[in-house]
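Numbering of the sequence shown is given in the working numbering, commencing with residue 60 and proceeding in unit increments. Every residue, glycine too, gets a C-beta built ideally from N, C-alpha and C. Okay, structure first, notes after.
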Amino acid sequence: MKKDTKKAIALLSLVGTLGGYFFGANALNSLTFQMSPRIEKSQVEEIIEREKTKQGFDKNIEVRFNNVGINRAKKEDGRYVIMINERDLTRATVTHEAYHIVDGHVESYNRPLYFLMWEPKTAAYTFVDEMKRKLN
Ligand SMILES: [Zn+2]
């Protein structure tokens, strides 16, 4: 085999592995969100407080609801913000976004770290948390 071909195959398998890894995190998220109970807006604060207490995070987290399909956590001008699409309002969605903040994922935006570490970690955390709550 030519050297270039070998390199191309190595690169392709690396991309495939990383892609599969992220796809796995997304698939796990879909499953977790589907099995999680829908909640009311009035219950969001309690879920966030639970995650803050667990991680010893004592700063305020602001919640913004939207109807345009955005679920994400971010740090904006030093303030912590969770954006939630009302259509996706489940216990797990809130837990997921809160975890991104209390575990420090939004402190600086780093795309590779997000795809390779923060998202799979958060997906796994939220899935395990939902399973524990279901079994209790
Ligand atoms: Zn996430």
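**Request:** Use the C-beta contact count for Val74: other C-beta atoms within 10 angstroms, 16 or more gives buried, fewer gives exposed.
**Result:** Here residue 74 refers to the residue found at position 15 of the sequence shown. It counts as exposed.
**Asked** I think Arg150 touches Ile107, with their Cβ atoms under 8 angstroms apart; what is that distance to the nearest whole Å?
**Response** As a working note, residue 150 is residue 91 in the sequence shown. As a working note, residue 107 is residue 48 in the sequence shown. So it is not a contact: roughly 11 angstroms between Cβ atoms.
**Asked** What separation, rounded to the nearest whole angstrom, lies between the Cα atoms of Ile129 and Glu145?
**Response** The residue labelled residue 129 in the question sits at position 70 within the sequence shown. The residue labelled residue 145 in the question sits at position 86 within the sequence shown. Just so you know, the alpha carbons of Ile129 and Glu145 end up roughly 9 angstroms apart.
**Asked** beta strand (DSSP E) containing Tyr139: first to last residue?
**Response** As a position in the sequence shown, residue 139 is number 80, starting the count at 1. 138-144 is the span of the beta strand (DSSP E), which, as asked, contains Tyr139.
**Item:** beta strand (DSSP E) segment containing Val122, residue limits
**Value:** The count along the sequence shown starts at 1 and reaches residue 122 at position 63. Val122 -> beta strand (DSSP E) spans 120-125.
**Message:** Tell me the DSSP secondary structure of Glu110 in three-state form.
**Reply:** If you number the sequence shown from 1, residue 110 lands on position 51. Looking at Glu110 - three-state DSSP - the assignment turns out to be helix.
**Request:** Say yes only if the C-beta of Glu178 is nearer than 7 angstroms to one or more non-hydrogen atoms of ligand 1, and no if none qualify.
**Result:** Locating residue 178 in the sequence shown gives position 119, where the first residue counts as 1. Correct: Glu178 has its Cβ closer than 7 angstroms to ligand 1.
**Prompt:** Do you know how far the Cα of Lys61 is from the Cα of Phe174?
**Reply:** Position 115 of the sequence shown holds residue 174. Position 2 of the sequence shown holds residue 61. Roughly 32 angstroms separates the two Cα atoms.
**Request:** Pull up the DSSP beta-bridge partners for Lys61, would you.
**Result:** In the sequence shown, counting from the first residue as 1, residue 61 sits at position 2. BP columns for Lys61 are empty, so no partner.
**Request:** Classify Tyr139 as buried or exposed, calling it buried when 16 or more other Cβ atoms lie within 10 Å of its own Cβ.
**Result:** Position 80 of the sequence shown holds residue 139. Its Cβ being crowded by 16 or more others within 10 Å, Tyr139 is buried.
**Request:** Find out if the Cβ-Cβ distance for the pair Pro171, Ala84 is shorter than 8 angstroms.
**Result:** For the purposes of this step, residue 171 is taken as the residue at position 112 of the sequence shown. For the purposes of this step, residue 84 is taken as the residue at position 25 of the sequence shown. Contact flag unset, no.
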